[in-house]
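For the sequence shown, the working numbering gives the first residue as 19, with consecutive numbering after it. Even glycine gets a Cβ: it sits at the ideal position worked out from N, Cα and C. Report on one structure; see the data block that follows.
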Amino acid sequence: MMTNIIQELYDRGLIEKLTDENHLIKIVQEKKIHLYCGFDPTAESLHIGHLIPLLCLKHFYLNGHTPIIVIGGATALIGDPKNLVFIVHFLQAYDYCFLNNKHNVILQIGGSDQWGNITLGIDLVNHINKKSVYGLTTPLLVRPNGSKLGKSDDYKSVVWLDKNKTSVYDFYQFWINSPDHSVFKFLKMFTFLKISDINKLEKKFIHKKIKPFLVQKILAQEITRIVHGDKQLNLVKKATEILFLKEISKISEEDFVLLSTSGISIYKISEKNIDIKSVLVNSGLSKSKKNANDMILCSAISINNKKNISSNYIFNNSDKLYNKYTILKKGKKNFCLLIWKIDFNI
Numbered sequence: 019m020m021t022n023i024i025q026e027l028y029d030r031g032l033i034e035k036l037t038d039e040n041h042l043i044k045i046v047q048e049k050k051i052h053l054y055c056g057f058d059p060t061a062e063s064l065h066i067g068h069l070i071p072l073l074c075l076k077h078f079y080l081n082g083h084t085p086i087i088v089i090g091g092a093t094a095l096i097g098d099p100k101n102l103v104f105i106v107h108f109l110q111a112y113d114y115c116f117l118n119n120k121h122n123v124i125l126q127i128g129g130s131d132q133w134g135n136i137t138l139g140i141d142l143v144n145h146i147n148k149k150s151v152y153g154l155t156t157p158l159l160v161r162p163n164g165s166k167l168g169k170s171d172d173y174k175s176v177v178w179l180d181k182n183k184t185s186v187y188d189f190y191q192f193w194i195n196s197p198d199h200s201v202f203k204f205l206k207m208f209t210f211l212k213i214s215d216i217n218k219l220e221k222k223f224i225h226k227k228i229k230p231f232l233v234q235k236i237l238a239q240e241i242t243r244i245v246h247g248d249k250q251l252n253l254v255k256k257a258t259e260i261l262f263l264k265e266i267s268k269i270s271e272e273d274f275v276l277l278s279t280s281g282i283s284i285y286k287i288s289e290k291n292i293d294i295k296s297v298l299v300n301s302g303l304s305k306s307k308k309n310a311n312d313m314i315l316c317s318a319i320s321i322n323n324k325k326n327i328s329s330n331y332i333f334n335n336s337d338k339l340y341n342k343y344t345i346l347k348k349g350k351k352n353f354c355l356l357i358w359k360i361d362f363n364i
């Protein structure tokens, strides 16, 4: 008898709803099944909210089942479905009917907001193919205020899986900064660490035998490895060590070369007499010059770890390390590497 994959998913918090649970558990314990999840290509990349159903598919795969991913080209062409909801639901239901007929798919996975589409597909398969099929929904990833995290959010706030849209460094930092109350929930949902090991780690945390940051670090490393691979993970770990643990005077030129390829924010400058407020705005560390001025006045900005900066400060050669690099920092965690393309002496 196979492992109870359904119980595993429940233990990890990956199941919101499930149709005909007892029958499905019996089937997946007795044989390997084909299952699928669909995604509409309405953005250039998937985001971290999509990781939940994707990891659910991976758990089935690791237990010997065959997952299928469907890219909904037709539904993407429709775009905003507000006035065409029934057509979109029917197309998605037909996907299930087709996959059941051609590939013997008997389980559809989707976010909890897809429950209606999934049950409609189940009814269509029952009616047309005369077969019993099942549906499983995963919880949505939500913000502390309860709002859904997705592509409809402010573009800059979305954490994308594509490293060209969210750098590996920013991706890693997002998970490092996970709130304490969510970190163990995320470890179960977003990693393949054993549940027993996570529970042991949580007991240590409760009894203050391990610091929160170390748990957040484990979470960030595991998820970054899954999404971006070991090579990118090692690079971003080195970059994090350089930025947070090394004194400016001890950062080597080789370290700066590594930082320039690590995915941290970079702003290349090729003009003289540029002021701090312009750089803060142009580099993306500030929304406006007024905001930049406010941050400078409250000592939230540093240049190579120096905070005594005038709001009218003009960059000069003394700010250039190895005649090329400057580390601009906002608060405790936001960095931008300035790369100078000009010699002030010329």
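For Ile287 and Thr155, the rounded distance between their alpha carbons:
48 angstroms
Just to confirm my understanding: we take Trp178, look at its own chain, exclude 5 residues before and 5 after, and list those with CB closer than 7 angstroms. What are they?
Ser63, His65, Thr184
Do you know how far the Cα of Asn182 is from the Cα of Asn22?
38 angstroms
Which parts of the region 260-339 are runs of the beta strand (DSSP E), unbroken and 3 residues or longer, counting only runs that do not cross its ends?
283-287, 319-321
Specify, as a first and last residue, the run of the alpha helix (DSSP H) that Lys347 falls within.
Looking at the DSSP string, Lys347 is not in any alpha helix (DSSP H); the run it does join, the beta strand (DSSP E), is 343-348.
To the nearest angstrom, report how far apart Leu368 and Thr84 are at their CA atoms.
Residue 368 lies beyond the residue range present for the chain, which begins at 19 and ends at 364; the question has no answer from this structure.
What residue range does the beta strand (DSSP E) around Thr156 cover?
152-156
If you follow the alpha helix (DSSP H) that Phe57 is in, where does it begin and where does it stop?
Here Phe57 belongs to no alpha helix (DSSP H); instead the beta strand (DSSP E) covers 52-57.
How many Å lie between Leu339 and Leu32 at the Cα?
48 angstroms
Compare the C-alpha of Asn334 against each of Lys324, Gly349, Asp293, Leu315 and name the closest.
Asp293
Buried or exposed by the 16-neighbour rule on C-beta atoms within 10 Å, applied to Cys316:
exposed
Could you pull the start and end residues of the alpha helix (DSSP H) that Val143 belongs to?
133-146
Which same chain residues end up closer than 6 angstroms to Ser329 when comparing Cβ atoms and leaving out the 5 residues on each side of it in sequence?
Asn311, Ile314
What does DSSP give as the partner residue(s) for Trp358 in the beta ladder?
Ile287
Alpha carbon to alpha carbon, how far is Lys35 from Glu115? Give it in angstroms, no decimals.
Looking at the sequence shown, residue 115 is not Glu but Cys. Answer to the nearest angstrom: the Cα atoms are 21 angstroms apart.
Using the C-alpha atoms, what's the distance from Asn144 back to Ser280?
51 angstroms
Using DSSP with H/G/I as helix, E/B as strand and the rest coil, what is Phe353?
strand
For Thr84, name the three-state secondary structure that DSSP assigns.
strand
How close, in whole Å, do the beta carbons of Gln110 and Gly56 come, if the pair is a contact with beta carbons under 8 angstroms?
6 angstroms
Where does the unbroken beta strand (DSSP E) through Val123 begin, and where does it stop?
123-129
Taking Leu237 and Leu205 to be in contact with their CB atoms under 8 angstroms, please state how far apart those CB atoms are, rounded to whole angstroms.
5 angstroms
Range covered by the alpha helix (DSSP H) that runs through Val46
39-48
Can you check whether the CB of Ile24 is closer than 9 angstroms to the CB of Phe208?
no
Smallest Cα separation from Val123: which of Ser306, Phe189, Asp113?
Asp113
Alpha helix (DSSP H) containing Asn217: first to last residue?
213-224
In whole angstroms, what is the alpha-carbon distance linking Tyr285 and Tyr187?
15 angstroms
Reduced DSSP category for Leu27 - H, G, I as helix; E, B as strand; rest coil
helix
Is the CB-CB distance between Glu26 and Ile213 below 9 angstroms?
yes
Between which two residues does the alpha helix (DSSP H) carrying Val186 extend?
186-194
When burial is assigned at 16 or more other CB atoms within 10 Å of the CB, is Ile224 buried or exposed?
exposed
For Leu36, which three-state DSSP category applies?
strand
Close-in-space but distant-in-sequence residues of the same chain around Leu397 (CB under 7 angstroms, 5 per side omitted):
The requested residue 397 is not part of the displayed model; the chain covers only 19 to 364.
Please go through the same chain and pick out, in chain order, the residues whose beta-carbon is closer than 8 angstroms to the beta-carbon of Ile260, but skip the five residues on each side of it.
Ile269, Asp273, Leu276, Leu277
Flag this pair as yes or no: are the beta carbons of Gly351 and Gln250 separated by less than 9 angstroms?
With the sequence shown as reference, residue 351 is identified as Lys, and Gly is not the correct amino acid for it. No; because the gap between Cβ atoms is not below 9 angstroms, this pair is not in contact.
Where do the N-terminal and C-terminal ends of the alpha helix (DSSP H) with Phe210 fall, by residue?
Counting along the chain, Phe210 falls outside any alpha helix (DSSP H), and DSSP gives it neither H nor E.
Residues bridged to His65 by DSSP?
Trp178
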